[in-house]
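**Student:** This structure is in structure tokens; I'll ask about it shortly.
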Amino acid sequence: MYSSYASNLVATSKNSKSASVTRDALLEAAGRVVVAQGAEALTLQAVAQEAGVSKGGLLYHFPNKDALIAGMIQHLVDEFTAALNQELAQDDAPKTPGHWVRAYIRASAVFDQQTIALQSGLLAAIAVNPELLIPIQEIFVDWQRQIEASGIDPATATALRLAIDGLLFAHLFGLGVPKESLQEAVIETLLKLAH
100 MYSSYASNLV ATSKNSKSAS VTRDALLEAA GRVVVAQGAE ALTLQAVAQE AGVSKGGLLY
160 HFPNKDALIA GMIQHLVDEF TAALNQELAQ DDAPKTPGHW VRAYIRASAV FDQQTIALQS
220 GLLAAIAVNP ELLIPIQEIF VDWQRQIEAS GIDPATATAL RLAIDGLLFA HLFGLGVPKE
280 SLQEAVIETL LKLAH
């Protein structure tokens with residue numbers, strides 16, 4: 100009896116792990132579709148084809164396009180949160196005023212073309228259903244609280260957050276993106292002001 104229970108437990112664990120891997124693979128495939136073809140090409144059929152699974156296999160994890168987009172958004176939030184936590188752990192002056200703001204600036208200062216294309220595509224997809232923004236809005240409320248409580252003047256901390264967010268938006272919308280050397284100088288200035 101025990102060996103039957105144990106083998107069922109192992110099988111369930113493998114299936115759960117396989118489902119998680121498949122879900123991640125589907126989200127990555129969706130990201131590739133958005134980056135390569137734009138948000139308008141993000142269909143369940145296109146993602147299933149890109150992932151090499153049946154549409155039914157995709158529907159098992161994401162019952163509709165909104166669920167897929169919500170999954171992509173959560174995936175981006177999770178990736179940013181992981182980067183933020185890594186920056187918090189690697190900061191050379193932990194537990195000092197501005198520690199959280201500096202980590203936020205460093206985690207936000209990723210402007211590679213693929214990330215920008217994916218974020219731009221998701222913004223376009225969200226425009227169809229603004230309710231998909233709710234998870235991002237909620238986490239930004241928490242991040243803003245952290246920024247205000249970072250130990251430096253809350254107005255300065257918020258201005259620094261808005262400046263790095265503005266640099267990201269310049270990239271997302273192609274709004275007068277500064278040259279790379281100037282961007283680096285801006286980021287260094289923000290980090291200095293966060294002490």
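For the sequence shown, this note's numbering gives the first residue as 100, with consecutive numbering after it.
Beta carbons: idealized from backbone N, C-alpha and C, even for Gly.
Output yes or no for whether 7 angstroms exceeds the beta carbon distance between His160 and Leu125.
**Tutor:** Taking 7 angstroms as the Cβ cut-off, His160 and Leu125 qualify as a contacting pair.
**Student:** Where does Pro234 fall in DSSP's three states?
**Tutor:** Pro234: helix per DSSP, three-state reduction.
**Student:** Just curious, the alpha helix (DSSP H) that His295 is in, first and last residue?
**Tutor:** Outside the displayed span of the chain (100 to 294) sits residue 295, for which this structure offers no information.
**Student:** Using CA atoms only, rank isn't needed, just tell me which of Leu281, Leu217, Leu261 and Glu287 is closest to Leu271.
**Tutor:** Leu217
**Student:** Does DSSP put Lys162 in a helix, a strand or coil?
**Tutor:** Checking the sequence, you will find Pro at residue 162 rather than Lys. It is coil, neither helix nor strand.
**Student:** Give the straight-line distance between the Cα atoms of Ser115 and Leu143, rounded to the nearest whole angstrom.
**Tutor:** Since pLDDT at Ser115 reaches only 45, below the 50 mark, its modelled position is unreliable, and no value is offered.
**Student:** What whole-angstrom Cβ distance do Ser153 and Pro196 have, given they're in contact under 8 angstroms?
**Tutor:** Not a contact, Cβ separation roughly 54 angstroms.
**Student:** Could you tell me whether the region 194-212 touches the region 174-185, using the rule of 3 or more Cβ pairs below 8 angstroms?
**Tutor:** yes
**Student:** With a threshold of 16 other CB atoms inside 10 Å of the CB of Arg244, please say whether the residue is buried or exposed.
**Tutor:** exposed
**Student:** For Pro253, report the span of its alpha helix (DSSP H) as first-last.
**Tutor:** Segment Pro253 to Phe272, the alpha helix (DSSP H) holding Pro253.
**Student:** Does DSSP classify Leu183 as helix, strand or coil?
**Tutor:** DSSP, reduced to helix, strand and coil, places Leu183 within a helical segment of the structure shown.
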